[in-house]
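Enquirer: Throughout the sequence shown, residue numbering follows mature numbering (1 follows the signal peptide of the UniProt record, and there is no 0), covering -26 to -1, 1 to 747 in sequence.
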Amino acid sequence: MGRERFLLLPLILLAVAAPAPGPAAAATANTADAGVILELAKSLTNPPPSWTGTNVCGGATFQGITCDGGRVTGINLAKQHLSGTLPPSLSDLTALQWLQLQGNALEGYLPSLARMGSLETLALDGNAFTALPPDFLEGLPSLQSLSMDDLPLKSWNIPDAVVGCTALLNFSASNASVSGPFPVVLANLTSLRMLRLSYNNLTGGLPVVLEGLGSLESLQLNNQNSDDKLSGRIDVVAKLPSLKTLWLHSNKFTGPIPDFSPDSQLVDFNVRDNSLTGVVPPSLIGIASLQDVKLSNNHFQGPKPNFTANNIDIDSGNGFCLKDPGPCNPLVTILLEVASGFGYPLELAKWAGNDPCRSGPWPGLTCIKTDVTQINLARKNLSGLISPAFANLTRLQRLDLSNNQLTGAIPDALTTLANLNYLDLSNNHLTGQVPEFKQPNIKLMTAGNRFGESDGDNGGGDGSTGGSSPSNPTGSRNSKLNAGMIIGILLAVILLVVCVVLFLHHRRKKNIDKFTPVSTKSPSGESEMMKIQVVGTNGNSNGSDSASPTELYSYVSADSTNIADIFESHGMQLPMSVVLKATNNFDENYILGRGGFGVVFKGTLNGKLVAVKRCDSGTMGTKGLQEFMAEIDVLRKVRHRHLVALLGYCTHGNERLLVYEYMSGGTLREHLCDLQKSSYTPLTWTQRMTIALDVARGIEYLHGLAQEIFIHRDLKPSNILLDQDLRAKVSDFGLVKLAKDADKSMMTRVAGTFGYLAPEYAIHDPSKQKPSS
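1) Considering only residues of the region 201 to 281, which uninterrupted beta strand (DSSP E) runs meet the minimum length of 3 residues and lie entirely inside it, listed in chain order?
2) Roughly how many angstroms lie between the CA atoms of residue 93 and residue 103, to the nearest whole one?
3) Assess contact between the region 282 to 302 and the region 212 to 229, defined as three or more Cβ pairs (one per stretch) separated by less than 8 Å. Is contact present?
4) I need the straight-line Cα distance from residue 720 to residue 610, nearest angstrom please.
5) If you check the beta carbons only, do residue 323 and residue 403 fall under 8 Å apart?
6) Closer than 8 Å is the cut-off here; do at least three beta carbon pairs connect the region 149 to 164 with the region 115 to 131?
7) Kindly indicate the opening and closing residues of the beta strand (DSSP E) around residue 81.
8) I need the straight-line Cα distance from residue 385 to residue 423, nearest angstrom please.
9) Looking at residue 250: is its Cβ nearer than 8 Å to the Cβ of residue 230?
10) Quick check on this structure: which residue in 632, 627, 625 and 107 has the alpha carbon closest to the alpha carbon of residue 619?
11) Just checking, does the region 373 to 384 make contact with the region 572 to 585 on the three C-beta pairs under 8 Å criterion?
12) Quick check: what's the CA-CA separation for residue 90 versus residue 114?
13) Residues in its own chain within less than 6 Å of residue 144 by CB, not counting five upstream and five downstream?
14) Tell me whether the beta-carbon of residue 270 lies closer than 8 Å to the beta-carbon of residue 292.
15) Quick check on residue 711: does DSSP put it in helix, strand or coil?
16) Nearest to residue 413 by alpha carbon, out of 401, 397 and 341?
17) Grouping DSSP H, G and I as helix and E and B as strand, with all else coil, what is residue 659?
18) Kindly list the residues whose CB is nearer than 7 Å to the CB of residue 262, restricted to its own chain and excluding five residues on each side of it in sequence; keep chain order.
19) How would you label residue 616, buried or exposed, when you count the other beta carbons within 10 angstroms and need 16 or more for buried?
20) Is the CB-CB distance between residue 178 and residue 204 below 8 Å?
21) Comparing alpha-carbon positions, which option in 48, 68, 21 and 38 lies nearest residue 6?
22) Would you identify the three-state DSSP class for residue 647, choosing helix, strand or coil?
23) Please check the pair residue 50 and residue 25, which I expect to be a contact at CB under 8 Å, by giving their CB distance rounded to whole angstroms.
24) Since residue 307 is in the alpha helix (DSSP H), which residue starts that stretch and which ends it?
25) Taking the beta strand (DSSP E) that residue 695 falls in, what are its first and last residues?
26) Would you kindly report the start and end of the unbroken alpha helix (DSSP H) that includes residue 17?
27) Whose CA, out of 194, 117 and 566, lies closest to the CA of residue 165?
28) Considering only residues of the same chain and omitting the five flanking positions on each side of residue 208, which have a CB-CB separation below 8 Å?
29) Since residue 639 and residue 698 should fall inside the 8 Å C-beta cutoff, what is the C-beta to C-beta distance between them, to a whole number of angstroms?
30) With H, G and I counted as helix, E and B as strand and the rest as coil, what does DSSP make of residue 437?
31) With H, G and I counted as helix, E and B as strand and the rest as coil, what does DSSP make of residue 66?
32) By Cβ distance, which residues of its chain are closer than 6 Å to residue 95, with the 5 residues on each side in sequence left out?
33) Just reading off the alpha helix (DSSP H) that residue 159 is part of, what are its end residues?
34) Using only alpha-carbon positions, find the residue among 38, 547 and 111 that is nearest to residue 75.
35) Considering only DSSP beta bridges, list what residue 74 is partnered with.
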């Protein structure tokens, strides 16, 4: 033991006597970083006075520079009255963790920061930078705080590269020239706690994907400088469970304040100077944590809310029924329930105060003393539902809601209005069944709706009762007759398509052709056509019929529709920003139809019309990206003159978007069933035969001539689209699945519409493709 102590003693003495590494050694260890700081000193017009010599990490000579292990890890030059520019080599400080330059007069272009993988804090506020680098926000996975307020930048959009900033907690870019629609890409930053984009040039609405920001505590989007400002409804803000501060003031938001959770943590709620409407919800009034509330200069209606917050600004510019909190006139309550069904539209914002009748009737109302006897809200661009609260207007005689965008069913409560003698609901999007009205001599108009369908169907009959009540025997008989004719025509066309498909398949297999097709070239010389002669009946003006052969041509070529030039720069995959711009941020006015797989929007890309299918999150939202891309790979192989072409796609978070060519002629169903609504001319026999041949060609290609075999599984008139020349193309490839070559079995479960689905598919889930006899 004593010998071991004797041996250790010299070692201990040697360690104590060894000199510690001095500043010179540290400077030698960070030559590259020192070179960047020295370049920074040269690029500044007035560098800090303490920046002398070359010993960047030694002593206290370079004030504001922090080092660790010989590497520069921090630069804090906030509010030093500095001017000049930043050197391009700044990105070489790969160990830098914070860069604080706020409160100076630095100018020019901000250099690239893409190599600063360790950067956690970036503060640029209050400088004079005029432009950002092309790779701004790339390569910053550790960034937690980004502050760039009050910068005179050129107009810019928040880049998609921000999704790589997965650690970002605070993002502030107020008065920084941010432009365009609200950046949907920010919804990917699920750790974000504070987002401030005030005093910019943002437009459009708040996307629903924002509800994924479960940690967001502060959202400040107030005072947009653009003419359009931010607009639309604000429903999504009620789905942010951690939200404490909400500043949306001085924009153009519309609609009502949404209902908040009882567990809401809101402290500061500012929506003044907008165009919000409706009744202030009790769920907002009851938030215990609320301290500041500003609602002035909107169009709020109903009872004045009784907030207990410390700082309240709610009176100016609103239409509460009373000056003090308390219940409204019962008639006001009923009428506001009616407006609630329509979503409190801006068109009814003048339904304000406490007397709908005597102080000058509210717009659209006719009163006798204090009773509402007539309501005319035709052509008001109303959407939403017809409220059962109409039934509480017991003196109502006339109700006109025609030519709007109303959906849902006609409430049975309307049949209880004993004095109702006129009801016009025509030209909406109502569904379900028309209830039986027992009022004597009632004039009922319901044409131009979708009765007999669910809300999810794309097509729709007009559901007209011909101006008479369903209880009228004559009206019922005519309605049934019209339905029978429609069903007959529909079945005849489908049977014709099936027969032509079987004929073509039979001809292909056995080379038998009863029509003796003649192969010829199209006028352009690019593809083959099939010519057949059809003997049809042509009605003359004198009432006589004459049979004459009609030549029909159907192209045999399987060449694809040309993809528009606008996709060449991106390929098949399009950025979300391009799709949002094309559809005006999925504006409801751009909707072409709704179906079981989502909503189809009309869009414009470089002046060319396209159809954008936004797949419903219930059917596609949980689908993995790999599976979705596999389906895209399948769809891009399907190219034929009589199949609607897939032009591109977009994936973003849970969003799955498909971009198809636009068909201006509508659906075959509209030409067969919706003539009154669509104002289409009835199809001639020749046109019907041409459409049948076109569909047969498309299905033949899918089922037997494509490079790989595909099964459509949902062929129906609403999935047959027509172009301006009434040439047909088969659509809705959301239901197309690839069939394995080996056993011709479906890869996934059968999907389709009963009535158009093969019986064996409807009975047995694992379907097999049966050979033709």
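Beta carbons: idealized from backbone N, C-alpha and C, even for Gly.
Expert: With the given structure in hand:
1) Here the runs fully enclosed are 219 to 221, 226 to 229, 242 to 244, 249 to 253, 266 to 268 and 273 to 275.
2) 20 Å
3) no
4) Because residue 720 sits at a pLDDT of 38, beneath the cut-off of 50, its placement in the model cannot be relied upon, and the point is left open.
5) no
6) yes
7) Boundaries of the beta strand (DSSP E) around residue 81: 79 to 83.
8) Looking at the two C-alpha atoms, the distance is approximately 15 Å.
9) yes
10) 632
11) no
12) 6 Å
13) 119 and 168
14) yes
15) For residue 711, the predicted structure reports a pLDDT of 49, less than 50, and the residue's modelled location is therefore unreliable. The matter cannot be settled from this model.
16) 397
17) helix
18) Nothing listed; no residue qualifies.
19) buried
20) yes
21) 68
22) helix
23) That belief does not hold up - the Cβ atoms of residue 50 and residue 25 are roughly 13 Å apart, past 8 Å.
24) 304 to 315
25) 694 to 696
26) Start and end: 5 to 17.
27) 117
28) 180, 222, 227, 229, 231, 232, 245 and 250
29) 6 Å
30) Only weak support exists for where residue 437 lies, its pLDDT of 39 falling under 50; the coordinates are left without a value.
31) DSSP places residue 66 in helix when its eight states are reduced to three.
32) Close CB contacts of residue 95 within its chain, under the 6 Å cut and outside five residues either way in sequence, are with 72 and 119 (chain order).
33) It is not in any alpha helix (DSSP H) - residue 159 carries neither H nor E in the DSSP assignment.
34) Answer by Cα proximity: 38.
35) 50 and 97
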